[in-house]
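Student: Quick one: this structure, given as structure tokens, is what I'll be asking you about.
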Amino acid sequence: MSTHLTPIEVVECLVAPIGELGKIAGLNDKAPYNWRRESQYRAAGDIPHHAMRRIHAHAAARKIPLTADHLLWGADWKEIDKLVEGMGKTMPQHLRDRLKPALQTPGKVDGMAAE
1 MSTHLTPIEV
11 VECLVAPIGE
21 LGKIAGLNDK
31 APYNWRRESQ
41 YRAAGDIPHH
51 AMRRIHAHAA
61 ARKIPLTADH
71 LLWGADWKEI
81 DKLVEGMGKT
91 MPQHLRDRLK
101 PALQTPGKVD
111 GMAAE
């Protein structure tokens, strides 16, 4: 299982829960839920460009460590987990539940040898 987060997942971790992203992006509250699924114009997890610009501006104004690369490509769980921890936040539970088991292998916890 991959530990790669899509752009929308990165934004959920760093910026705001998906239910708040519509307002940030200048759209209706339900619009971001559609970004989780692919469409004719973009892959699942990709964010429309007009929304990316608004989300990036929102993050920059609040000194949230969201980069343009995060919005275009997403990022690895470990990178985002460190950023989230540095912000004093926790990963959204639905992402933690989906990705955390992939980080653990038999005899290891979070990639480190179990004691």
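Numbering-wise (full-length UniProt numbering), the sequence shown opens with residue 1 and increments by one. Where is the CB? At the ideal position from N, CA and C, for every residue including glycine.
1. What does the Cβ neighbour count give for Met91, buried or exposed, with the cut at 16 atoms within 10 Å?
2. At the 8 Å Cβ level, is Glu9 part of the contact set with chain D, yes or no?
3. Distance check for Ala25 and Leu95, CA to CA, integer angstroms please.
4. Arg54 lies in the alpha helix (DSSP H); which residues open and close that run?
5. Is it buried or exposed for Gly88, if we count other Cβ within 10 angstroms and need 16 for buried?
6. So, helix, strand or coil for Ala31, using DSSP?
7. Asp81: buried (16+ other C-beta within 10 angstroms of its C-beta) or exposed?
8. How close, in whole Å, do the beta carbons of Pro7 and Gly74 come, if the pair is a contact with beta carbons under 8 Å?
9. Take the Cβ of Ala60 as the centre, count every other Cβ of all protein chains shown within 10 Å, and call the residue buried at 16 or more, exposed below.
10. Taking 6 Å as the limit between beta carbons, can you name the residues of its chain near Leu72, skipping five residues before and five after?
11. Among residues of its own chain, excluding the 5 on either side of His4, which ones have a beta-carbon nearer than 8 Å to its beta-carbon?
Tutor: Per the coordinate set shown:
1. Walking along the sequence shown from the start, residue 91 turns up at place 91. The residue in question, Met91, is buried, as its Cβ has 16 or more Cβ neighbours within 10 Å.
2. No chain D is present in this structure, which holds just one protein chain.
3. Working through the sequence shown from its first residue, we reach residue 95 at position 95. Working through the sequence shown from its first residue, we reach residue 25 at position 25. Distance between Leu95 and Ala25, taken at the CA atoms: about 21 Å.
4. Within the sequence shown, numbered from 1, the residue matching residue 54 stands at position 54. Looking at the DSSP string, the run of the alpha helix (DSSP H) that includes Arg54 is His49 to Ala61.
5. Against the sequence shown, residue 88 aligns to sequence position 88. Exposed, because fewer than 16 other Cβ atoms sit within 10 Å of the Cβ of Gly88.
6. If you number the sequence shown from 1, residue 31 lands on position 31. Helix, per DSSP.
7. Translated into the one-based positions of the sequence shown, residue 81 becomes position 81. With 16 or more Cβ atoms within 10 Å of its Cβ, Asp81 is classed as buried.
8. Residue 7 sits at position 7 when you count from the first residue of the sequence shown. Residue 74 sits at position 74 when you count from the first residue of the sequence shown. Pro7 to Gly74, Cβ: 5 Å. Contact.
9. As a first step, residue 60 must be located in the sequence shown, where it is residue number 60. Burial call: exposed.
10. Along the sequence shown, one-based indexing puts residue 72 at 72. Hits under 6 Å: none found.
11. Locating residue 4 in the sequence shown gives position 4, counting from the first residue. Closer than 8 Å at the Cβ level, and outside the excluded window around His4, lie Gly74, Ala75, Asp76 and Trp77.
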